[in-house]
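Notes follow once the structure below has been shown.
As structure tokens, then:
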């Protein structure tokens, strides 16, 4: 029971702390609508599951003791965020003042969330820490799998809520009237997160 509470508490704190996942889901929700935001949330949850999978397979221990591997993940994630941020920053608003939703497929929406999370070393270290410091060596495998599913589910629920909030029609309509400024703010935040990740 103590182990379960510890995993749940750490997961909730990790989920609600603002970061790249929050910025990407917000971006998709504002610029492309609720479906894109929800699909990005699903991508984030799948990214978490990837971290859980390789940690349980033992690859996580290699990453934990390999600064070079973590550095490569951090750099790749930083480049990805800067690239998405720059693309958002320089995107031109649609002539009718609406978001350019037609250019984002369902797969692309999922992919933005997945890669943002999968290439985030903060999530890598979080999952590694939970499974090496909190989850006991004697914890049954089904319970460990359940912990991983809980982590993914918590991310999905939280970021789906974020998507719903930031995709409200009235809020989007007001912000999309200033779409170029919104693009530049969101793009700047994503690029700043990428640069912080690169030098952090």
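Numbering (the working numbering), first residue to last: 11 to 210.
Heads up, the beta-carbon is just placed ideally off N, CA and C, and yes, glycines get one too.
CB-CB under 7 angstroms to residue 220, same chain, minus the five flanking residues each way: which ones, in chain order? The structure shown does not extend to residue 220, since the chain is modelled only from 11 to 210, so the question has no answer here.
Beta-carbon proximity list for residue 172, same chain, < 8 angstroms, skipping 5 on both sides: Position 162 of the chain shown holds residue 172. Correct list, in chain order: 32, 35, 36, 39, 47 and 51.
DSSP state of residue 115 mapped onto helix, strand, coil: In the chain shown, residue 115 corresponds to position 105, counting from 1. Coil, per DSSP.
Using the Cβ count rule (16 or more neighbours within 10 Å means buried), how would you classify residue 151? Against the chain shown, residue 151 aligns to sequence position 141. Classification of residue 151: exposed, given that the 10 Å Cβ count is below 16.
Which residues in the same chain as residue 21 place their Cβ atom closer than 6 angstroms to its Cβ, once the five residues preceding and following it in sequence are excluded? Walking along the chain shown from the start, residue 21 turns up at place 11. 161 and 164.
Alpha-carbon spacing of residue 56 relative to residue 63, whole angstroms: Locating residue 56 in the chain shown gives position 46, counting from the first residue. Locating residue 63 in the chain shown gives position 53, counting from the first residue. Residue 56 and residue 63: Cα-Cα distance of roughly 10 angstroms.
According to DSSP, is residue 130 part of a helix, a strand, or is it coil? Position 120 of the chain shown holds residue 130. In the displayed model, residue 130 falls within coil according to three-state DSSP, outside both helix and strand.
Using CA coordinates, which residue listed in 98, 116 and 205 is at the minimum distance from residue 191? As a position in the chain shown, residue 191 is number 181, starting the count at 1. Answer by Cα proximity: 98.
With a 10 Å radius around its C-beta and 16 neighbouring C-beta atoms as the bar for buried, classify residue 201 as buried or exposed. On the chain shown, residue 201 is found 191 positions in, with the first residue counted as 1. For residue 201, the number of other beta carbons within 10 angstroms of its own is at least 16, and it is reported as buried.
Under 8 angstroms between C-beta atoms of residue 59 and residue 158: Taking the first residue of the chain shown as position 1, residue 59 is located at position 49. Taking the first residue of the chain shown as position 1, residue 158 is located at position 148. A contact, by the Cβ cut-off of 8 angstroms.
With a 10 Å radius around its C-beta and 16 neighbouring C-beta atoms as the bar for buried, classify residue 182 as buried or exposed. Residue mapping note: residue 182 aligns to position 172 of the chain shown, counting from 1. Buried, by the Cβ-count rule.
Tell me which same chain residues have a C-beta within less than 6 angstroms of the C-beta of residue 24, skipping the five on either side of it? Numbered from its first residue, the chain shown carries residue 24 at position 14. Within the same chain, residue 24 has close Cβ partners 136.
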